[in-house]
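I have placed the structure first, in the form of structure tokens, so that the comments after it can refer back to it.
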Amino acid sequence: MATSDATTATGAAGTYCWRAEYSGDGAYLAATHTNSTSECFTVVAALLVATIATTSTPTGPGVAAGTSASAAVTVAHASGASTGTVTFFLCAPADVTANGGTCAAVGTQVGAAKALTGGAATLDATTATAAAGTYCWRAEYSGDATYAAGSHTNDSSECFTVVAAAPDDTPPVCVLKTIVGGRKWTVTARDTGTGLKFIGATVNVNSNTVIPAFTPGTAASVVVTMSRINLAAPIHVELLATDMAGNTAICDLAGALLIKSEGERPRVVFCDIPQVEGKLTVCNGDPGMRKIVVRVNNCHEFELRVRPNENTTFDISEAMRPGSTNVIIVRGEGWRGAETEVWVWDGRGDLPCE
Numbered sequence: 064m065a066t067s068d069a070t071t072a073t074g075a076a077g078t079y080c081w082r083a084e085y086s087g088d089g090a091y092l093a094a095t096h097t098n099s100t101s102e103c104f105t106v107v108a109a110l111l112v113a114t115i116a117t118t119s120t121p122t123g124p125g126v127a128a129g130t131s132a133s134a135a136v137t138v139a140h141a142s143g144a145s146t147g148t149v150t151f152f153l154c155a156p157a158d159v160t161a162n163g164g165t166c167a168a169v170g171t172q173v174g175a176a177k178a179l180t181g182g183a184a185t186l187d188a189t190t191a192t193a194a195a196g197t198y199c200w201r202a203e204y205s206g207d208a209t210y211a212a213g214s215h216t217n218d219s220s221e222c223f224t225v226v227a228a229a230p231d232d233t234p235p236v237c238v239l240k241t242i243v244g245g246r247k248w249t250v251t252a253r254d255t256g257t258g259l260k261f262i263g264a265t266v267n268v269n270s271n272t273v274i275p276a277f278t279p280g281t282a283a284s285v286v287v288t289m290s291r292i293n294l295a296a297p298i299h300v301e302l303l304a305t306d307m308a309g310n311t312a313i314c315d316l317a318g319a320l321l322i323k324s325e326g327e328r329p330r331v332v333f334c335d336i337p338q339v340e341g342k343l344t345v346c347n348g349d350p351g352m353r354k355i356v357v358r359v360n361n362c363h364e365f366e367l368r369v370r371p372n373e374n375t376t377f378d379i380s381e382a383m384r385p386g387s388t389n390v391i392i393v394r395g396e397g398w399r400g401a402e403t404e405v406w407v408w409d410g411r412g413d414l415p416c417e
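Set out below in structure tokens:
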């Protein structure tokens with residue numbers, strides 16, 4: 064038995080086979096042997112290395128939290144465009160820190176593997192960018208028959224930095240609008256910070272109040288419609304609007320029609336009014352009241368002189384107490400048949416006069 068010395072003369076691709084030649088001796092003749100199974104092996108060509116380049120959108124510093132992010136890749140080589148697929152991974156700030164500033168390892172796969180077309184592919188966008196810090200992409204190439212699999216990441220073209228969002232401490236805004244002649248009103252609620260989360264009617268007296276459905280987090284206006292059910296009775300609607308950060312606003316509308324009858328002074332009592340509702344609007348008719356007497360929290364009294372067909376708004380905010388327990392009593396004085404509408408609100412938007 065004998066073993067040949069080793070050789071590295073196997074640089075060319077293809078099939079190599081051995082042949083053994085026996086010299087013979089005093090008892091045995093010389094002989095040779097070869098076959099295509101146990102004495103052969105096949106050398107394949109070494110896979111080449113493709114050039115992988117990835118670009119992030121967005122890139123660089125100052126990116127807002129929640130921004131949609133994507134990446135594009137090109138895989139090229141000397142003879143043209145590559146085939147195969149590319150899988151994208153996004154490393155969050157903690158991953159980037161652990162990797163020393165890139166996405167060399169771990170990360171979260173974003174979307175399915177993308178087939179290369181003309182040696183290029185673009186990732187579906189993701190909005191998983193809420194946390195502040197640096198994010199980086201990594202592209203992993205599957206390889207093909209000629210080119211080896213590989214990956215690519217860096218700390219420049221494949222990274223972007225999200226800045227912390229400023230805290231939202233501004234409550235939603237409500238604006239009143241009157242639909243003239245329809246005995247209807249709308250309150251438009253909007254929050255341009257984190258967006259509206261909820262609107263609900265905490266008080267709904269003598270009103271058909273319609274709050275439309277909306278997607279939580281919306282920055283669009285949400286219009287609530289109110290229509291008085293009994294025209295002769297007071298209406299009081301209080302809306303609670305909350306944004307995604309937990310800020311709240313109370314949107315309140317309270318009104319009543321005062322009509323002077325024989326031998327009586329028309330009077331209305333508004334209870335549980337929030338402090339912010341510091342405006343009182345008188346929408347006088349013709350014939351209308353000559354005088355309106357307003358008493359706030361049983362300690363401040365205002366006497367208002369009004370004219371027929373006059374719409375007047377008075378500031379009663381100095382008499383309002385913190386919270387939502389204010390009581391406002393309004394009394395009208397005028398000739399028989401005189402009438403006026405009285406509204407308590409925050410003064411933002413249209414006059415509530417019909």
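Position one of the sequence shown corresponds to residue 64 (the numbering used here), numbered consecutively onward.
Built from N, CA and C at the ideal position, the CB exists for glycine as well.
As the structure is a prediction and not an experimental result, all values here were calculated from the model.
Tell me the residue span of the beta strand (DSSP E) that contains residue i.
i, result
"Thr197", "Gly196 to Tyr204"
"Thr250", "A quick correction: the sequence has Val, not Thr, at residue 250. Its beta strand (DSSP E) spans residues Lys247 to Arg253."
"Gly77", "Gly77 to Cys80"
"Asp335", "Arg330 to Ile336"
"Lys323", "Here Lys323 belongs to no beta strand (DSSP E), and DSSP marks it neither H nor E."
"Ser119", "Thr114 to Thr120"
"Ser133", "Ser133 to His140"
"Pro235", "Pro235 -> no beta strand (DSSP E), and no H or E assigned at all."
"Gly182", "Here Gly182 belongs to no beta strand (DSSP E), and DSSP marks it neither H nor E."
"Gly213", "Gly213 to His215"
"Tyr210", "Per DSSP, Tyr210 belongs to no beta strand (DSSP E) and is neither H nor E."
"Glu340", "Unbroken run through Glu340: none, as it is neither H nor E."
"Val126", "Gly123 to Ala127"
"Cys103", "Cys103 to Val106"
"Cys222", "Cys222 to Val226"
"Ala93", "Element bounds for Ala93: n/a, residue is neither H nor E."
"Glu84", "Ala83 to Tyr85"
For residue i, is the classification buried or exposed, using 16 other Cβ atoms within 10 angstroms of its Cβ as the cut-off for buried?
i, result
"Cys103", "exposed"
"Pro124", "exposed"
"Val106", "exposed"
"Pro337", "buried"
"Asp315", "buried"
"Pro329", "buried"
"Trp408", "buried"
"Ala69", "exposed"
"Ala211", "exposed"
"Gly244", "Per-residue confidence for Gly244 stands at a pLDDT of 49, beneath the threshold of 50, marking its modelled position as unreliable; the derived number appears in the next sentence. Per the 10 Å Cβ criterion, exposed."
"Lys323", "buried"
"Ala349", "According to the sequence provided, residue 349 is Asp. The question's Ala does not apply to it. Exposed: under 16 other Cβ atoms inside 10 Å."
"Met352", "buried"
"Trp81", "exposed"
"Asp254", "buried"
Between residue i and residue j, how many whole angstroms is the CB-CB distance? I'm expecting something under 8 angstroms.
i, j, result
"Ile298", "Gly280", "Going by Cβ atoms, the distance from Ile298 to Gly280 rounds to 31 angstroms, so no, they are not a contact pair."
"Thr197", "Val159", "5 angstroms"
"Val136", "Ala202", "5 angstroms"
"Trp248", "Lys240", "7 angstroms"
"Phe223", "Leu186", "The pair is not a contact, with the Cβ atoms about 14 angstroms apart (cut-off 8 angstroms)."
"Tyr85", "Thr95", "7 angstroms"
"Gly395", "Leu321", "4 angstroms"
"Leu110", "Gly206", "7 angstroms"
"Val390", "Val332", "7 angstroms"
Could you check whether residue j and residue i sit closer than 7 angstroms to each other, using their CB atoms as the reference points?
i, j, result
"Ser290", "Asn271", "yes"
"Val359", "Ile379", "yes"
"Asn361", "Thr403", "no"
"Cys166", "Cys199", "yes"
"Thr192", "Val149", "no"
"Thr265", "Asp231", "no"
"Thr311", "Pro234", "yes"
"Ser131", "Ala188", "yes"
"Ile262", "Ile274", "yes"
"Lys354", "Arg370", "no"
"Leu414", "Thr305", "no"
"Ala128", "Ala228", "yes"
Name the two residues that bound the continuous alpha helix (DSSP H) containing residue i.
i, result
"Thr160", "Pro156 to Ala161"
**Completely contained beta strand (DSSP E) runs for the region 352-413, where each covers 3 or more residues** = Runs found: 354-359, 363-368, 374-378, 389-396 and 402-408.
**Request:** Ignoring anything shorter than 3 residues or poking outside the region 263-308, list the beta strand (DSSP E) runs there in chain order.
**Result:** Whole beta strand (DSSP E) segments, 3+ residues: 270-273, 285-291 and 298-306.
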